[in-house]
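Asks: To start, I am sharing the structure in question, which I have written as structure tokens.
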Amino acid sequence: MTSLTSALSNALAGLLVTSGQSAVVSRNITRASDPDYNKEKLTLTTNADGGVSSGALQRAANKQLSDALLNATSDSAGQKAILNAFSALSSTVGDVQADGSVAWGVDQLQQALQVSESDPSNITNASQVIAKAKSLAQILNDASKQVETVREQADSGMATSVNNINTLLAQFQKLDNALSSGTISPDQKAAAQDQSDAILKQLSQEIGIRTQSRADGSTAIYTDSGVTLYDRTPRTITFAPSLTLAATSNGNAVYADGVQIVGPNSPMPTKSGNIAAYAKVRDEVGPTYQNQLDEIARGLITTFAETDQGSPATNPDATGLFGYPGSPTVPAASTLSQGLAAQISVNSAFDSAVGGNPYLLRDGGANGSSYVYNTSSQSGFQTRLSSLIGAMTKPMTFDSATKLSTNYSIAGLSSASAGWVEQGRSDATAASTAADAVTSRATDALSRETGVNIDEEMSQLLALEKSYQAAAKIMTTVNSMLGDLMDSVR
Amino acid sequence: MVNGVSTLSFQMSMLNNLKKGQTDLQKAQNEVASGRYDDVNLQLGGNTSRNISWRLDLSQTTQFIDLGTQANDKANASQAALDSIKNSANTFLSTLAGARSASNGQTLIKSSANSMMQSFQQAVNTSYAGQYLMGGLNNSNPPLATYAGGSAETSFDNAFQSYFGFAKTDPQAANITPTDMQAFLAGPFDDLFNGANWSTDYSSASDTNLTTRIDKSQTVDSSANANDPAFKNMLKAMIAVQDAGVGNLNSSTFQSVIDYALSKTGSAVQGIGEIESNIGSAQQAISLAGTKHAAVKNVLESQIQSTEDVDPTEASMRVNTLSTQVEANYAVTGKLQSLSLLNYLT
Chain A
0 MTSLTSALSN ALAGLLVTSG QSAVVSRNIT RASDPDYNKE KLTLTTNADG
50 GVSSGALQRA ANKQLSDALL NATSDSAGQK AILNAFSALS STVGDVQADG
100 SVAWGVDQLQ QALQVSESDP SNITNASQVI AKAKSLAQIL NDASKQVETV
150 REQADSGMAT SVNNINTLLA QFQKLDNALS SGTISPDQKA AAQDQSDAIL
200 KQLSQEIGIR TQSRADGSTA IYTDSGVTLY DRTPRTITFA PSLTLAATSN
250 GNAVYADGVQ IVGPNSPMPT KSGNIAAYAK VRDEVGPTYQ NQLDEIARGL
300 ITTFAETDQG SPATNPDATG LFGYPGSPTV PAASTLSQGL AAQISVNSAF
350 DSAVGGNPYL LRDGGANGSS YVYNTSSQSG FQTRLSSLIG AMTKPMTFDS
400 ATKLSTNYSI AGLSSASAGW VEQGRSDATA ASTAADAVTS RATDALSRET
450 GVNIDEEMSQ LLALEKSYQA AAKIMTTVNS MLGDLMDSVR
Chain B
0 MVNGVSTLSF QMSMLNNLKK GQTDLQKAQN EVASGRYDDV NLQLGGNTSR
50 NISWRLDLSQ TTQFIDLGTQ ANDKANASQA ALDSIKNSAN TFLSTLAGAR
100 SASNGQTLIK SSANSMMQSF QQAVNTSYAG QYLMGGLNNS NPPLATYAGG
150 SAETSFDNAF QSYFGFAKTD PQAANITPTD MQAFLAGPFD DLFNGANWST
200 DYSSASDTNL TTRIDKSQTV DSSANANDPA FKNMLKAMIA VQDAGVGNLN
250 SSTFQSVIDY ALSKTGSAVQ GIGEIESNIG SAQQAISLAG TKHAAVKNVL
300 ESQIQSTEDV DPTEASMRVN TLSTQVEANY AVTGKLQSLS LLNYLT
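Residue numbers (numbering that gives the first Met the number 0), protein chains in the order written: chain A, 0 to 489; chain B, 0 to 345.
Structure below.
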């Protein structure tokens with residue numbers, strides 16, 4: 000008799016286990032298209048009497064692969080942010096055949112000077128030089144504005160990142176506390192782990208992270224440089240965004256747990272993720288391009304400055320066609336003067352639109368009679384124009400803060416600067432494509448381990464159906480056997 | 000157990016392949032349409048600066064070709080003016096020779112010099128595109144002032160009066176000896192064409208000529224200057240026969256004036272020939288530079304083309320390959336969508 004009863008109870012246990020497994024299968028299928036969902040599996044336990052019962056709910060996971068994915072995600076997000084910045088800067092260059100780049104503006108000015116030199120008495124030619132100078136100053140102002148915008152966007156991107164990190168860490172704390180409490184049900188635990196993995200993935204977009212699991216189920220989060228972001232409690236990430244970032248301002252640093260994690264002089268700088276990329280754009284890429292523009296502007300102001308024609312000369316050189324707020328003092332030679340590109344303008348004394356005299360460029364004297372070159376008022380005076388053309392094509396010394404060669408003509412520096420931007424964009428494009436490929440591989444690899452294959456689940460469902468049918472058949476068979484027995488007893 | 004690919008990543012990878020195929024196809028189509036790389040700057044990367052320099056050089060070169068053409072036109076205009084002066088000077092030479100022994104020589108040559116003077120002044124004051132070609136750097140004013148009735152004539156009259164003691168129209172001129180006349184012409188008369196007298200009475204031209212830039216660091220002087228001795232000699236000859244007492248002179252003195260004029264006109268013709276040959280060599284330099292610029296332009300254009308342009312055959316083949324690939328992707332996606340166990344379970 001014992002065996003018939005145990006057959007019945009085993010069949011019943013089989014039914015229960017099968018229905019539990021079908022519940023898991025159905026959950027797997029329902030969430031097959033959720034990228035944050037990890038495949039679950041109900042394990043079976045053999046009882047002392049040889050029967051089965053549902054064991055623990057297993058959640059497919061692979062720490063190595065998920066860590067690889069987190070790294071790849073950080074890298075990919077960061078490279079994309081850098082690429083976006085370079086693309087924005089590249090708009091100041093435009094297609095090589097298009098008009099409107101700084102190099103184009105310099106060339107136009109030089110050509111207008113040459114035309115004016117060929118016929119210095121022609122007022123149209125003289126005005127054309129002033130017009131080209133104005134458009135070049137405008138191009139430099141616009142390019143400088145664009146750099147400022149890119150840096151400001153990076154700064155506000157950092158603020159957004161910091162906000163996101165703080166929010167995500169707060170959410171992570173709730174899940175982490177639940178997971179380490181020990182009172183959580185297996186179903187809840189799997190769901191909480193899915194959610195905390197999703198949070199880590201979002202977090203890794205903002206900043207490069209490493210995680211460490213503790214025995215009680217809690218997880219600690221560090222930046223890729225080793226600064227604690229979360230350990231039982233979240234650390235506060237602080238950052239003071241800047242409203243505007245002119246060429247001369249630097250922007251603030253980001254602190255985690257009191258440690259500076261990005262920005263210049265950071266002891267433990269984070270290397271990947273949005274924050275690191277934004278910091279690189281704001282503190283390295285943007286300022287370098289700005290320095291190049293500023294040096295081009297300084298080159299123009301210096302080249303067109305007027306020299307005292309008296310002999311001996313008693314007055315210092317004074318700014319001519321191109322001016323800036325510090326005019327008429329000529330900016331110091333070979334030294335970067337931050338923000339000049341935003342400030343450069345055409346001296347209104349030359350501009351006939353505001354009552355100026357375009358012939359001042361031919362004659363000199365914008366700074367008084369000591370600076371007049373054309374002393375005998377000859378209408379065809381070429382010396383000044385010729386020397387300006389010579390000065391524009393002659394190499395001058397630029398500050399090494401341009402990160403380019405320090406010895407260029409103005410046109411040379413402006414085309415080298417365009418090349419610098421495009422080199423950066425091309426590098427960033429390659430890096431971003433590579434990082435995307437790595438991310439997609441990592442996603443794929445992790446998904447093979449932890450993702451749901453509907454076909455697999457369906458075939459498992461078929462097996463479950465069969466075993467359910469079999470268990471039911473056993474029950475009916477045992478039932479009829481017991482019935483037969485009862486009949487014979489009666 | 001074999002790990003199957005997860006359904007999600009399977010679908011995502013199909014989607015990614017489709018997207019990538021479409022993006023590549025669009026790029027290839029742009030390249031076929033424009034003949035250049037889809038994103039030239041990205042293709043060039045750091046070489047962008049090199050290509051920008053090429054393009055700037057190209058536009059400079061084009062400008063130098065234009066400037067050279069203009070300079071050549073200007074030189075041609077100068078040559079034409081000089082030719083006309085030279086031709087009328089030659090005619091004047093034969094008129095002088097004829098007038099020397101003709102009975103009405105004095106009246107004849109006076110009127111001839113008068114009309115010659117007008118055409119000479121016009122030729123020296125030739126302008127081209129608003130510039131007076133022979134004015135040097137002072138090219139916005141006609142360089143040569145009108146003699147008759149101007150300060151130049153007054154200065155002459157004063158010089159004549161103070162040397163001979165009577166006015167140039169006075170019949171006493173008949174008493175002037177050839178020696179006196181020669182001394183006057185070589186002395187006070189010649190002084191009228193020197194230094195401050197010259198620039199006050201005759202010419203507002205500056206001695207320096209306008210140069211033409213035909214290359215980055217090469218300039219040429221392709222014009223004549225009204226202050227050239229050739230023009231002074233011409234003026235001396237014309238004014239001498241016109242005003243040095245001519246009309247009342249005795250025949251031997253008249254002949255000495257004619258001799259003087261013949262010699263001055265001769266050196267003027269020679270001088271003008273020299274100016275013309277100078278302008279000619281400047282024109283040669285312009286044309287040499289033009290040939291060089293044209294060659295440089297060709298090289299630059301082909302360099303730009305070879306770095307920025309796509310091979311049209313290759314690009315259109317790529318469009319074909321890619322569109323086949325995208326179609327295949329669609330077909331495979333459709334097939335794979337139906338490849339699910341669900342479709343086979345009843």
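Backbone N, C-alpha and C define an ideal beta-carbon position, used for all residues, glycine too.
#1: Using a Cβ cut-off of 7 Å, pull out every chain B residue sitting near threonine 428 of chain A, in sequence order please.
#2: Name the chain A residues that come within less than 8 Å of lysine 215 of chain B, Cβ to Cβ?
#3: Using a threshold of 8 Å, state whether the C-beta atoms of threonine 72 of chain A and serine 224 of chain A are closer than that.
#4: If you reduce the DSSP assignment to three classes, tell me which class glutamine 20 of chain A lands in.
#5: Measuring straight from C-alpha to C-alpha, what distance separates isoleucine 220 of chain A and alanine 76 of chain A?
#6: List the DSSP bridge partners of proline 233 of chain A.
#7: How about threonine 323 of chain B and methionine 13 of chain B: are their beta carbons less than 8 Å apart?
#8: Cα-Cα, which of B:Gln283, B:Thr61, B:Asp56, B:Ala112 is closest to alanine 236 of chain B?
#9: Go through the segment 6–49 of chain B residue by residue and report every complete run of the beta strand (DSSP E) that reaches 3 residues or more, in order.
#10: Can you check DSSP and say which residues form a bridge with tyrosine 131 of chain B?
#11: Can you find at least 3 beta carbon pairs, one from the segment 74–94 of chain B and one from the segment 109–129 of chain B, that sit closer than 8 Å?
#12: Along the segment 114–148 of chain B, where does the CB come closer than 8 Å to a CB of chain A? Name the residues.
#13: Looking only at DSSP bridge pairs, what is arginine 212 of chain B linked to?
#14: Listing by chain order, which chain A residues have their CB less than 8 Å from the CB of asparagine 15 of chain B?
#15: How many angstroms separate the CA atom of methionine 0 of chain B from the CA atom of serine 265 of chain A?
#16: Check whether chain B comes within 8 Å of threonine 442 of chain A, counting only Cβ atoms and requiring the distance to be less than that.
#17: Pick from B:Val39, B:Asp56, B:Gly45, B:Ala288: whose alpha carbon is nearest that of valine 298 of chain B?
#18: Here's the rule I'm using: 16 or more other beta-carbon atoms within 10 Å means buried, otherwise exposed. How should proline 228 of chain B be labelled?
#19: Just to confirm the assignment, what range does the alpha helix (DSSP H) spanning threonine 45 of chain A have?
#20: Which ranges would you report for the alpha helix (DSSP H) in the segment 183–210 of chain A if only whole runs of at least 4 residues count?
#21: Quick one: residues in its chain with C-beta nearer than 8 Å to the C-beta of valine 420 of chain A, no 5 flanking neighbours on either side, listed in chain order?
#22: Output the distance between the C-alpha atoms of aspartate 282 of chain A and serine 160 of chain A, rounded to the nearest integer angstrom.
#23: Applying the 10 Å Cβ sphere with the 16-neighbour rule, what's the burial state of asparagine 15 of chain B?
#24: On the three-state DSSP scale, how would you describe methionine 395 of chain A?
#25: Among the residues of its own chain, which have a CB less than 8 Å from the CB of alanine 144 of chain B, if the five just before and after it don't count?
#26: Helix, strand or coil for alanine 312 of chain A, going by three-state DSSP, please let me know.
#27: Taking only beta carbons into account, state which residues of the segment 367–394 of chain A come closer than 7 Å to chain B, listed in chain order.
#28: Only counting the same chain, and skipping five residues up and downstream in sequence, which positions put a Cβ closer than 7 Å to that of aspartate 106 of chain A?
#29: So what does arginine 58 of chain A bridge to, in DSSP terms?
#30: With DSSP as the reference, identify every bridge partner of threonine 218 of chain A, one or two as the case may be.
#31: With C-beta atoms as the reference, is serine 155 of chain A less than 8 Å away from proline 263 of chain A?
#32: Span of the alpha helix (DSSP H) holding leucine 372 of chain A?
#33: So, are the CB atoms of leucine 108 of chain A and alanine 296 of chain A less than 8 Å apart?
#34: Report the neighbours of valine 92 of chain A on chain B: residues whose CB is nearer than 9 Å to its CB, in chain order.
#35: How about glutamate 205 of chain A and glycine 285 of chain A: do their beta carbons lie closer than 8 Å?
Replies: Straight from the coordinates:
#1: Leu41
#2: Thr392
#3: no
#4: helix
#5: 19 Å
#6: A:Tyr229
#7: no
#8: B:Ala112
#9: none
#10: B:Ser126
#11: yes
#12: Ala128, Gly129, Gln130, Gly134, Gly135, Leu136, Asn137, Asn138, Ser139, Asn140
#13: B:Thr218
#14: Ser439
#15: Residue confidence for methionine 0 of chain B is low, a pLDDT of 48 falling below 50, so the modelled location carries little weight; the figure read from the coordinates is stated next. The alpha-carbon atoms of methionine 0 of chain B and serine 265 of chain A are separated by roughly 49 Å.
#16: yes
#17: B:Asp56
#18: exposed
#19: Run containing threonine 45 of chain A: none in the alpha helix (DSSP H); it sits in the beta strand (DSSP E), 39–45.
#20: 185–205
#21: Phe85, Leu88, Ser89, Thr91, Val92, Tyr288
#22: 16 Å
#23: exposed
#24: strand
#25: Ser150, Ala151, Asp200, Tyr201, Ser202, Ser203
#26: coil
#27: Gln377, Ser378, Gly379, Phe380, Gln381, Thr392
#28: Ala410
#29: A:Glu39
#30: A:Ser212
#31: no
#32: Checking the sequence shown, residue 372 of chain A turns out to be tyrosine, not leucine. Tyrosine 372 of chain A -> no alpha helix (DSSP H), and no H or E assigned at all.
#33: no
#34: Asn40, Thr47, Ile51
#35: no
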